[in-house]
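One structure is given here, and the rest of the page talks about it.
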Amino acid sequence: MKSQGEHSAKKKKDAERYVDIFGLPKDLVLGMPLLSMTGNRFLCITNHRGIRQYSRELIVVSAKTYAIQIVGRELYIPKYSASQLEITGYLEGITFVP
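Going by this note's numbering, the sequence shown opens with residue 43, and the numbers climb by one from there.
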């Protein structure tokens, strides 16, 4: 008999497979974040789950199953809504943390 974790992982893989087969947008169907960048000065995150940490050098944003860590200088959030977040400054790195 499968554990709840194994069953959940199988459902997630099946959903991702169907999304790929039918060419559906993962950000909408699976709740994955969509990141759009302009050079190293602007980042827009759609489908976020809130801000975990915020300073001028580090911003950590929650996503559905992981966190997005943005490192840089003079980081600033000029626009924030329930579905979209904009970050400006000198972006030096983006890491996805489980």
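Ideal placement from N, C-alpha and C gives every residue a C-beta, glycine not left out.
Model, not experiment: these values are computed from the prediction.
Closer than 7 Å by C-beta to residue i: which residues in its own chain qualify, once you throw out the five before and the five after it? Chain order, please.
i: M79; result: L85
i: S104; result: H90, R91, G92 and R94
i: G135; result: V113
Can you check which of these residues, the options, is closest to residue i by C-alpha distance?
i: K131; options: S97, T88 and N89; result: First, the amino acid is wrong: residue 131 is Gly here, not Lys. Measuring from the Cα of G131, the nearest candidate turns out to be S97.
i: H90; options: T137, V139, F138 and L127; result: L127
i: R115; options: M74, L100, I87 and D62; result: L100
i: V139; options: I110, L133 and Y122; result: I110
i: P120; options: T137, R59, Y108 and R83; result: R83
i: L133; options: G81, S125 and L77; result: G81
At which residues does the beta strand (DSSP E) containing residue i begin and terminate?
i: Y118; result: A109 to Y122
i: M74; result: M74 -> no beta strand (DSSP E), and no H or E assigned at all.
i: R94; result: I93 to Y96
Within 7 Å: the Cβ of residue i and any heavy atom of the ligand ATP?
i: G92; result: The ligand ATP is not part of this structure, which contains no ligands at all.
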